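Residue numbers are given in the working numbering: position 193 of the sequence shown equals residue 321, and the series is strictly consecutive. We treat Cβ as the ideally placed atom computed from N, Cα and C, and that holds for glycine. Keep in mind the model is a prediction, meaning the values are calculated, not measured.
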Amino acid sequence: MIKNRRRWIALGLAGGLAVSALAGCGTQGQDAGNAVKQETQTQQQEAKQEEKQEEAPSYFNETGYPIVNEPIELNVMVAVGPMNGDFNEMPVFVQLEEKTGIKINFEQVSPTAWAERKNLALASQDMPDIIIGGIGGMSDSEVNKYSSQGIIVELNDYIEKYAPNFNKLLEEKPDLDAVIRNPEGKIYGLPFYQELVSERIPDNLFINKKWLDTLGLAVPETTEEYYEVLKAFKTQDPNGNGLADEIPLSYRSNQRLTGELSLFGSFGVVDNENHLMIKDGKVLFSPMEEGYKEGIQYMNRLYGEGLIDPEVFTQDQSQYIGKGQSEEEIVGSFIIFNYENYVGAERAYSDYIPLLPLKGPNGDQLWNKYATGYDTNAFLITKNNQYPEASIRWADEFFTVETSMQAIQGEIGVNLEYENGKYRIMDPPEGSSLNEIRSKICPASYIFGMMTKEMIDNIEFKEDMTRKLERCSLYDPYTPEEILPVLRLPQDKLEQRANIFTDLTNYVAEMKAKWVTGEMDVENSWEEYVKTLKAMGVEDYVQIYQEAYDAYKAQ
């Protein structure tokens, strides 16, 4: 084990020092020899103490069930989505409590409050035993910061001794093993490992086909045709209620699943949360490219004519979905992972269709594609946790097929059928969507665990996911040839990135809002904008990733 390796290295060094010292002469040599001898004895005593500490504690069973001899409770802070039910009542956790003897007390935190609540907990002594961040819950820089303070616990030895299922996954997926370790080889978080192709092309653009037919319009293929369609949606009362209540286009700005990031592809730029793209082997800062400026000018044109929802920069997920599911059909076009989640399955299948990436004025037709659909810091143990061994064994259950399937896809017998190694997604009750039912009874993507290709191949999906996978096939030819892989940065580069990135991303978001809404003119302020980005360290930010990308390609 890692600790054992460190111990024998330490003893070897001590022995080497002793030989060197005894080669001297006189009292000084004897004193030095005695000092080294004493140091060696101390090292041996520490090694014995460490070995004793490595023995499984009496409360805990290394194998078999229950995991603990007497029931214990663990406090867990978890990020949840707006549609999630009560984690404390979800069957997967109730069943695990019966099996393991470990009761989990969940504190559920909404996405809007997550950053503040998480940082407050970690900065105080009032922290949970475990943090489950789900997608985007903890960044590498945050883990680096809190682990260096001893707040987030290193997991290497616990994983090696008490997580056979996760160890098996690491052996089968060496790419995952490389990603979850920091440059020193330490593991602080368990991942949500996702090989479903839909996670790589998560955002899709949809349009109201019913409104197109009502107005006698063709499906738009270019940005200019799209503009004309949105203008008709606003001015020609396509829902027929006599009110000017139509929202031609709605989205949530800067969001991966529901935002406009991929729309810049019509202008030759793919933007994302890191604001990075690759072209001809070079890492570029997307919001500093000429195509980005052209995309901003296009969006400003739409916004200025009332074709973009005025709340795109302020609405949360609940407000956004509320517009799609309003009693009166009011949204003409929108962006989301699955359109069933936005307007409901019945309205989605009867009234809306996906749009292929729009062709821009220069013939560009790109859409975002991400390197992976997993998060590396989805499960973390804090220093307050008195039961780390049991916590890891409990977490290891989520790297079994049965538990992970029920945590991510749903409960067997409720929305999952299982027979002969195959899983089938069942029909939801009338009036409910599949995603709504799944979110109520299982944590879905707001958890750690795995959904490997082998598991996916054994699932018979319902229409929503079948349609999603079909859309991914349609969009894939329009994705960039080069995409930024998952890159684990060295500690010093992580710190340097953290110092730069927040200012960069806040400034980019601020200027986008001002330009799109017309508060400022992008053409007149572009030069000053670029100058400000450079002063903030954008060139250093890009260089960090260029070096990491070059090293990745050289492997």
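(request) Tell me whether ILE611 sits in a helix, a strand or coil according to DSSP, three-state version. (result) coil
(request) Taking all protein chains shown into account, decide if ASP555 is buried (16 or more other Cβ within 10 angstroms of its Cβ) or exposed. (result) exposed
(message) In whole angstroms, give me the CA-to-CA distance for SER186 and ILE195.
(response) In this structure, the straight-line span from the alpha carbon of SER186 to that of ILE195 is close to 11 Å.
(message) Quick check: the Cα distance between LEU333 and THR191, rounded to an integer number of angstroms?
(response) 49 Å
(message) My parser needs the beta strand (DSSP E) runs of 3 or more residues fully inside the region 191-235; what are they?
(response) Annotation note: the region 191-235 contains the following uninterrupted beta strand (DSSP E) runs of length 3 or greater, listed N- to C-terminal: 200-207.
(request) Answer yes if the region 559-572 comes into contact with the region 293-306, meaning at least three C-beta pairs across the two stretches below 8 Å, and no otherwise. (result) no
(request) Measure the alpha-carbon distance for ILE584 versus LEU324 and round it to whole angstroms. (result) 7 Å
(message) Which complete beta strand (DSSP E) runs does the region 353-433 hold, if anything under 3 residues is left out?
(response) 375-378, 404-407, 410-413
(message) Among the candidates MET405, GLY538, VAL529, whose CA atom is the shortest distance from the CA of ASN293?
(response) VAL529
(request) Using 10 angstroms around the beta-carbon of ASP503, count the other beta-carbons present and answer buried if the total reaches 16, otherwise exposed. (result) A residue is called buried when at least 16 other Cβ atoms come within 10 angstroms of its Cβ; ASP503 meets this threshold and is buried.
(message) Suppose contacts are defined by Cβ-Cβ distances below 8 Å. Is TYR498 in contact with ARG616 by that definition?
(response) Their beta carbons are not under 8 Å apart, which means TYR498 does not touch ARG616 by this criterion.
(message) Tell me the rounded alpha-carbon separation between ASP254 and TYR606.
(response) 48 Å
(request) Name the two residues that bound the continuous beta strand (DSSP E) containing GLN322. (result) For GLN322, the enclosing beta strand (DSSP E) covers residues 318-322.
(request) Go ahead and pull the three-state DSSP assignment for ALA690. (result) Nothing about residue 690 can be reported from this structure: the residues present for the chain run from 129 to 683 only.
(request) Confirm, please, whether the CB-CB distance from GLY213 to SER567 is below 8 Å. (result) Less than 8 Å divides the Cβ of SER567 from the Cβ of GLY213.
(request) Give the DSSP-derived three-state secondary structure of GLY450 in the structure shown. (result) In the displayed model, GLY450 falls within a helix according to three-state DSSP.
(message) Using the Cβ count rule (16 or more neighbours within 10 Å means buried), how would you classify ASP331?
(response) It is buried - the Cβ of ASP331 has at least 16 other Cβ atoms within 10 Å.
(message) Whole angstroms are fine: how far does the CA of LYS640 sit from the CA of GLN181?
(response) Bear in mind that the predicted position of GLN181 carries a pLDDT of just 42, short of 50, making it too unreliable to give a figure here.
(request) Measure from the C-beta of TRP643 to each C-beta in chain B and report whether the shortest distance is under 8 Å. (result) Given the protein chain composition of this structure (a single chain), no chain B is represented.
(request) Consult DSSP for PHE465 and reduce its assignment to one of helix, strand or coil. (result) If DSSP states are grouped into helix, strand and coil, PHE465 belongs with coil.
(request) Tell whether a beta-carbon distance below 8 Å holds between PHE215 and ALA518. (result) no
(message) Bridge partners for PHE188 per DSSP, in chain order?
(response) VAL196
(request) Decide yes or no for the touch test of the region 197-208 against the region 233-242: beta carbon pairs closer than 8 Å, at least 3 of them. (result) The answer is yes - the region 233-242 touches the region 197-208, with three or more Cβ pairs under 8 Å.
(message) Going by DSSP, what residue range makes up the beta strand (DSSP E) through PHE334?
(response) 332-336
(message) Quick check: the Cα distance between GLU374 and VAL459, rounded to an integer number of angstroms?
(response) 6 Å
(request) Consult DSSP for LEU486 and reduce its assignment to one of helix, strand or coil. (result) coil
(request) Identify, in the order they occur along the chain, each residue of the same chain with its Cβ nearer than 8 Å to the Cβ of GLN514, setting aside the five sequence neighbours on each side. (result) ASP257
(request) Return the CA-CA distance between TYR355 and TYR420, expressed in angstroms with no decimal places. (result) 18 Å
(request) Output yes or no for whether 8 Å exceeds the beta carbon distance between LEU508 and ASP268. (result) no
(message) Does LEU544 come out as helix, strand or coil in the three-state DSSP assignment?
(response) Correct three-state label for LEU544: strand.
(request) Could you say which of ALA372, LYS362, ASN634, GLU474 lies nearest to SER381 if we only look at CA atoms? (result) ASN634
(request) Please check the pair TRP339 and PRO311, which I expect to be a contact at CB under 8 Å, by giving their CB distance rounded to whole angstroms. (result) That pair is no contact at about 53 Å.
(message) For LYS231, which residues in the same chain have their Cβ closer than 8 Å to its Cβ, ignoring the five residues on either side in sequence?
(response) PRO199, ILE200, GLU201, LEU202, GLU225
(request) Return the CA-CA distance between THR351 and LYS487, expressed in angstroms with no decimal places. (result) 6 Å
(request) Could you check the C-alpha separation between TYR603 and TYR286 for me, to the nearest Å? (result) TYR286 has its alpha-carbon roughly 42 Å from the corresponding atom of TYR603.
(message) For a test of the three-state rule: what should DSSP assign to GLU647, helix, strand or coil?
(response) coil
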